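Peer 1: For reference, the structure I am asking about is given below.
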């Protein structure tokens, strides 16, 4: 996926997860399959089946959440006290996958996942060591020592310095050291997106004409316009680089798509829940 598309997808995903965190909610299952993209390049974060409201720092939550490849170390070792940083870790894994085209750490088991993470980021923090050693699920099990280290710099030798910095900000072993979504949105990697928003505001001030439009009034895919969900503005091509203007069409070339025949419609009547076998629809395969 071209980096300008990676940047736009990651920016909007951070916006969505940041909204959840501001409302004391953690998604707990951020992964590529749960990030949908419309033909206007608008991100839709979906599947809140694992989402949970945060009620207090001393509360305990289930550790069996998230798909293994996107689970943070605290979830993998079985720590039941965690918070928004688990979503930040998952976003980092998705970001890395968008950059390279392959999963960052495709572990075959929880222990193998921890091994792959250690191979890149080093040893677990003391608390995670303690939780792992007292977890009955891992009784008699030891995380293998890596034969050699493969830090992020070696895994991603061709990405820009700001992109590497964003990746490191998401993927700290210690959840307390991970950047928040709010901090990540202010990262230098997204300077170009913020500049577009600033240009739109300046245009609005100088002309007195607003560029904001509601989603239902968005134009159909037009080569001369680009929509960014973060700022909810439509910006003419005279204000932005040409690569961004082609985004709505080019994004369809790189991402899996859902067709109308593969989407199960919402069931708005209880009686249909008891007759789902009679439907000739199938769930999306993404």
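Residue numbers (the UniProt record's numbering): 1 to 286.
Even for Gly, the Cβ is constructed at its ideal location relative to N, Cα and C.
From a predicted model like this one, the values you see are computed outputs, not experimental measurements.
1. Determine the DSSP secondary structure at residue 124, reduced to helix, strand or coil.
2. Quick check: what's the CA-CA separation for residue 206 versus residue 196?
3. Excluding the 5 residues flanking residue 128 on each side, which residues of the same chain have their C-beta closer than 8 Å to its C-beta?
4. Return the CA-CA distance between residue 47 and residue 36, expressed in angstroms with no decimal places.
5. What are the uninterrupted segments assigned as alpha helix (DSSP H) that are 4 or more residues long and contained completely in the stretch 99-159, given in chain order?
6. May I ask you to report which of helix, strand or coil DSSP gives residue 25?
7. Grouping DSSP H, G and I as helix and E and B as strand, with all else coil, what is residue 194?
8. From what residue to what residue does the beta strand (DSSP E) around residue 45 run?
9. Mapping the DSSP letters down to three states, classify residue 52 as helix, strand or coil.
10. Closer than 7 Å by C-beta to residue 270: which residues in its own chain qualify, once you throw out the five before and the five after it? Chain order, please.
11. Determine the DSSP secondary structure at residue 88, reduced to helix, strand or coil.
12. Rounded to a whole number of angstroms, what is the C-alpha to C-alpha distance between residue 151 and residue 19?
13. Three or more C-beta pairs closer than 8 Å, one from the stretch 122-137 and one from the stretch 159-169: is that the case here?
14. When you compare the CB positions of residue 287 and residue 146, do they come within less than 7 Å of one another, or not?
15. Nearest to residue 51 by CA position, among 21, 99 and 32, is which residue?
16. Within this structure, are the beta carbons of residue 84 and residue 125 separated by less than 7 Å?
17. Would you call residue 109 buried or exposed, if buried means 16 or more other Cβ atoms sit within 10 Å of its Cβ?
18. Skipping 5 residues on each side, what residues in its chain have a beta carbon closer than 6 Å to that of residue 93?
19. Using the beta-carbon count (16 or more within 10 Å), is residue 113 buried or exposed?
20. Quick one: give me the first and last residue of the alpha helix (DSSP H) that residue 36 is part of.
21. Counting along the chain, where does the alpha helix (DSSP H) carrying residue 186 start and finish?
Peer 2: With the given structure in hand:
1. coil
2. 15 Å
3. 73, 74, 77, 79 and 173
4. 10 Å
5. 110-121, 126-134 and 152-155
6. strand
7. helix
8. 43-45
9. strand
10. Because the pLDDT of residue 270 is 47, which lies under 50, any placement of that residue in the model is unreliable, and the question is left without a value.
11. helix
12. 31 Å
13. no
14. The shown model of the chain, from 1 to 286, leaves out residue 287, and the question about it has no answer.
15. 21
16. no
17. exposed
18. 70 and 104
19. buried
20. Element bounds for residue 36: not the alpha helix (DSSP H) but the beta strand (DSSP E), 35-37.
21. Unbroken run through residue 186: none, as it is neither H nor E.
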